[in-house]
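Numbering (full-length UniProt numbering), first residue to last: 1 to 988. Note that beta-carbon positions come from the ideal geometry of N, C-alpha and C, so glycine has one too.
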DNA sequence: ACAGAAGCTTA
DNA sequence: GTAAGCTTCTGTT
């Protein structure tokens, strides 16, 4: 082996297990021999060996070997007898495949390497070292984290199932430490699968942070006393020996006395007949044909190889090689019945899109109006003068559809790959900027030649996007706005087809994504992103896409956006919805884009401390739960839990879920706990702790942006039926507050140094909106007087004076008030209050007697919805309920409740939208530098310099309290409570 | 690897 | 009883 040579080392054993679990089971047709993993293996190896067409890895191997584990017993068992002790036996239908895969390796003429006493990983480590020392490179075909310690400048990894390169940056991204520290990291975290102990309470996040702080494991153990957190320090001091043993266990041996040398691994051209003989015997028809073509072999002339199938565990019976479990048999039958070529799927899928013929014909009629779309007619712009000509053309036209292509759905992470423009239907172009050349080094190719330099292209584009006399049209503009903002470009004068569609059609079937809209309005099926850039394991990224295809896809997006705009924009005015779009949607786009870009500071230390506490609490509860249950089980499995509670322990079951399982919901468990059962209480507590840990303390740090060090959520403007926003990745609209434990998570949301967080929230905004809309005198009066609204309701209903009212009476009234907003039903109220349905029914009756205006409002809203198919907020936003006329009483009732709720929830959503749109200019006018960061439906969070807090609070309150005006003069005052503090918990 | 169910968090 | 999003487990591919 010499410089420039490249060794591929396939982790054969690792691949067998992954292929077995990831791929559908497959059985040889003639006798049912399980062969799924074998086929996966053969496909993968064949792909890797095909040098000239090997675009996946981007490198050509000169040397190739497949490495296997020899037996489960290795030198590590002498170090630590429990090593890999809790491994269970492999599945029955996998056993015969071990031998077949070795057989396959030989059929490929590849060295099949294994050695007694050593794991495959040690052999891989040794050969990787030998290749490096010989001046060559090595690529390990595996995704096992145990091998990541080997990654370096001349050693890479490649995950064939996800089609992903793993180099130094990927290791750092995944584990937070460079490859050379992986050993220390694994020594600390341990590995439950392999029974490597590690240090209890230390997970990957903590381990990475400790290694960052102390450098390496030895230093950490020597200076453990300096660790601030009491529990963590103690655990590390107490378990130093375990950490050292773990390190020995995870350290791969790079000096195994191997028998074969690298020269034995030189890759030979495939021996067609031998390989085909094996593939034929396996009955892999497609692969056989492919190999025959590539090696110019005549399939018919090759005889299928005769194979000796290794026996599965003899104790399981004589019919070795056949699937003997019922599940395996049925999948064998399925495979045989369907045939290999025919995809599964029944004839019933024809009806799945829910399209009725009448709707379809209407859509076709529309489509006929639209001109045909030809995706091969677009231009690909590769020089500056042409781009400048397109910019001039857009100026001339006064409008241009615009779209960006990037590397990520998250605009804060996305790198610009190109952009497209359209100036008239069918006239669209794509400007590639960051496409990579297919081939290159391990980490992907270099920049494709012939593209306009990003700086030049953006310099040409910037004046166009910032020109207020040219209308920019985009689909989901907020995304492109964030991307362009990050390149110093500010887009003004724009329309957003997604938002126009949302205003027109919120709640109708079908989403507001471009693919849906194109089909609905243009009758045109767009190219799919995944067909250009791949998806799942075949994802390669848009920057790897072929330029011709990329042009067709990207320019089509701009073309379709422009055509959609021409269809949709006029409809706004026609339906009287222009002001909803112009006041509540369009101006919010840059506001949200800024909030997303600002992000909020989250204190890692606080979260990691909480995470440790939660782990301890959950661990203790787990022990107690197992004690009480009398056995160990997966507490998180409702199925297993139900079996224990209602089966083995014989507790009375409450309700059932729709799949017929006993429900183990918190409500059921609370009831059992109230009857004095110990276990359900502990389950509820355990669930609380593990929920907080997994959803919040463990997940949030992963969202901290590497550069800004802040958390940037993403707001969806067109996701809800009512006009509310939604927040995702991460969802910052469901951060805990109800319990004191959960609340602690809010203390991790903090203001930057010298700043405070301001939280301002509307008090009872939905009830106030209801009081206005339904015009209820008592409610209006109570809000005008600032009286406790739930107490007032209770007083009216139960004739109890507000003074000295029992808390339970108020609680019931509060539940009823909420119920009204949700379109109350006796069933729901009974559930909420745990009272008989008759009693709930009686409450509702009394409520309507005292507040007849509410019943009138509900009835008229239902009637309006049935008549028109939609309901409206006080600002004219529509929410559609096309199924409110359903003949299914349950379904209809559900739609009625939703229709009653939508104007209330939606009006409140509109009000806070109006406040948000006005907020920035109001703050600027008052010369305040407060920055709006978050919205949580009825609350806004700001970050503001400490010195400006007092001046900021009244401005924020005033904007929010007056947000409905002048469009609507509410009959009820809005009240906003605002507070400032260092963290979100104290500010709220 | 992926989808659906169950469960839990918020307003 | 309204509106959302995320995690875990489980069965299927």
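Coil, strand or helix - residue i by DSSP
i	result
residue 535	coil
residue 406	strand
residue 83	coil
residue 575	coil
residue 189	helix
residue 932	strand
residue 468	coil
residue 965	coil
residue 913	helix
residue 603	coil
residue 694	helix
residue 976	strand
residue 271	coil
residue 702	helix
residue 872	strand
residue 645	helix
residue 427	strand
residue 241	helix
residue 994	With the chain running from 1 to 988 in the structure shown, residue 994 is simply not present.
residue 493	coil
Distance between residue j and residue i (C-alpha atoms, nearest Å)
i	j	result
residue 724	residue 588	12 Å
residue 202	residue 133	36 Å
residue 405	residue 512	19 Å
residue 647	residue 654	13 Å
residue 102	residue 65	12 Å
residue 987	residue 746	10 Å
residue 663	residue 650	14 Å
residue 205	residue 177	10 Å
residue 620	residue 304	60 Å
residue 242	residue 750	37 Å
residue 926	residue 951	9 Å
residue 166	residue 157	5 Å
residue 806	residue 789	15 Å
residue 768	residue 783	7 Å
residue 884	residue 627	51 Å
residue 312	residue 92	Reliability fails at residue 312, whose pLDDT of 36 lies under 50, so the model's placement of it is uncertain and no value is given.
residue 853	residue 559	51 Å
residue 495	residue 475	8 Å
residue 974	residue 909	13 Å
residue 266	residue 629	59 Å
residue 198	residue 233	14 Å
Residues that DSSP places opposite residue i in a beta bridge
i	result
residue 714	728
residue 266	63
residue 113	67
residue 683	In DSSP, residue 683 forms no bridge with anything.
residue 626	DSSP, once it has assigned bridges, lists no residue as partnering residue 626.
residue 945	755
residue 436	447
residue 74	117
residue 416	406
residue 761	939, 977
residue 750	601, 983
residue 656	662
CB-CB length for residue i against residue j, believed under 8 Å
i	j	result
residue 179	residue 148	6 Å
residue 399	residue 491	Actually they are not in contact, since the Cβ atoms of residue 399 and residue 491 sit about 13 Å apart, beyond 8 Å.
residue 600	residue 711	6 Å
residue 565	residue 497	5 Å
residue 765	residue 938	5 Å
residue 175	residue 128	No, residue 175 and residue 128 are not in contact; Cβ-Cβ is about 19 Å, not under 8 Å.
residue 79	residue 188	Between residue 188 and residue 79 the Cβ distance is about 17 Å, and since that is not below 8 Å, they are no contact.
Any alpha helix (DSSP H) of 4 or more consecutive residues that is wholly inside the region 1-59: Counting only runs of 4 or more, we get 12-22, 36-49.
Residue ranges of each alpha helix (DSSP H) within the region 103-184, 4 or longer: 120-133, 168-175
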